[in-house]
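Residue numbers (full-length UniProt numbering): 1 to 254.
Note that beta-carbon positions come from the ideal geometry of N, C-alpha and C, so glycine has one too.
For reference, the structure is listed below as structure tokens.
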């Protein structure tokens with residue numbers, strides 16, 4: 001699958017993978033802080049953003065997508081960073097293709113299994129009547145019954161676009177994400193370990209990476225360190241962009 005991506009900056013290549021319901025644009029503010037140090041490839045993963053839709057939505061498929069993208073860009077090796085779902089893709093990729101990864105950065109996700117917990121978001125997205133939709137506010141009002149958090153709705157609305165007939169469409173493949181949501185929480189599928197330098201960043205107000213995950217981090221990524229970003233939750237790059245940018249830069253430049 002040929003993925004959509006944005007290329008920003010100059011220097012060593014750094015590939016960034018967004019999380020569930022997100023897109024490459026989620027990382028533009030971070031990219032602006034790092035553009036003098038790194039050439040960043042901000043990727044839309046399959047079924048997200050402007051990348052193609054597919055019924056095959058697994059980490060194995062997303063790992064292959066990334067390998068194909070690196071071949072397309074003629075990259076033998078790159079720094080790799082992923083947030084949440086993107087972090088799971090990045091971890092699986094590093095285990096399957098360690099020779100292609102320089103430094104690895106994982107934002108607020110651990111290797112373990114996560115049970116489905118996006119039911120209210122999916123209900124809100126599916127509640128929007130796309131055939132009758134005439135404005136973004138109308139979509140926001142429809143989602144509000146299921147998703148009370150304004151910030152979450154605003155994040156989701158970034159995936160609302162228009163087709164060639166100027167009708168509103170979801171850029172995300174909502175039917176497949178709804179049907180196969182359990183796939184996103186799967187534990188790591190690859191075997192072995194990644195010996196390269198690895199950074200795990202977690203939000204202080206998030207419970208995605210817990211102290212109990214240390215054994216898994218040690219097993220799969222023995223050369224890792226874990227940093228907690230203060231006053232940040234799961235979307236740490238949106239809540240504390242300066243701290244996240246500084247942490248990334250320090251880690252990659254060491």
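Enclosing alpha helix (DSSP H) for residue i [first to last residue]
i: residue 30; result: 28-34
i: residue 157; result: 150-157
i: residue 240; result: Premise fails: residue 240 is in no alpha helix (DSSP H) and is neither H nor E.
i: residue 124; result: 119-127
i: residue 212; result: Run containing residue 212: none; DSSP gives neither H nor E here.
Rounded straight-line distance, which links the Cα of residue j to that of residue i
i: residue 154; j: residue 108; result: 21 Å
i: residue 204; j: residue 228; result: 6 Å
i: residue 119; j: residue 35; result: 36 Å
i: residue 174; j: residue 126; result: 8 Å
i: residue 222; j: residue 166; result: 50 Å
i: residue 206; j: residue 86; result: 17 Å
i: residue 159; j: residue 2; result: 19 Å
i: residue 42; j: residue 254; result: 22 Å
i: residue 98; j: residue 130; result: 43 Å
i: residue 199; j: residue 110; result: 12 Å
i: residue 194; j: residue 95; result: 5 Å
i: residue 114; j: residue 185; result: 4 Å
i: residue 202; j: residue 230; result: 9 Å
i: residue 39; j: residue 182; result: 33 Å
i: residue 101; j: residue 192; result: 15 Å
i: residue 224; j: residue 26; result: 25 Å
Residue i, buried or exposed, once every other Cβ within 10 Å from all chains shown has been counted against 16
i: residue 10; result: exposed
i: residue 7; result: exposed
i: residue 163; result: exposed
i: residue 248; result: buried
i: residue 83; result: buried
i: residue 136; result: exposed
i: residue 240; result: buried
i: residue 211; result: exposed
Beta-carbon proximity check, residue i vs residue j, cutoff 8 Å
i: residue 80; j: residue 93; result: yes
i: residue 252; j: residue 53; result: no
i: residue 188; j: residue 146; result: no
i: residue 90; j: residue 17; result: yes
i: residue 50; j: residue 44; result: yes
i: residue 226; j: residue 217; result: yes
i: residue 15; j: residue 245; result: no
Segment limits, beta strand (DSSP E) that includes residue i
i: residue 202; result: 198-203
i: residue 9; result: 5-9
i: residue 225; result: 224-229
Distance cut-off 7 Å: residue i Cβ against heavy atoms of the ligand MG
i: residue 53; result: Among the components modelled here there is no ligand, and therefore nothing to report on the ligand MG.
Bridge partners - residue i, DSSP secondary structure assignment
i: residue 166; result: Beta-bridge pairing links residue 166 to no other residue.
i: residue 17; result: 43, 82
i: residue 101; result: 78
i: residue 248; result: In the DSSP output, where bridge partners are listed per residue, residue 248 has none listed.
i: residue 131; result: In DSSP, residue 131 forms no bridge with anything.
i: residue 161; result: 169
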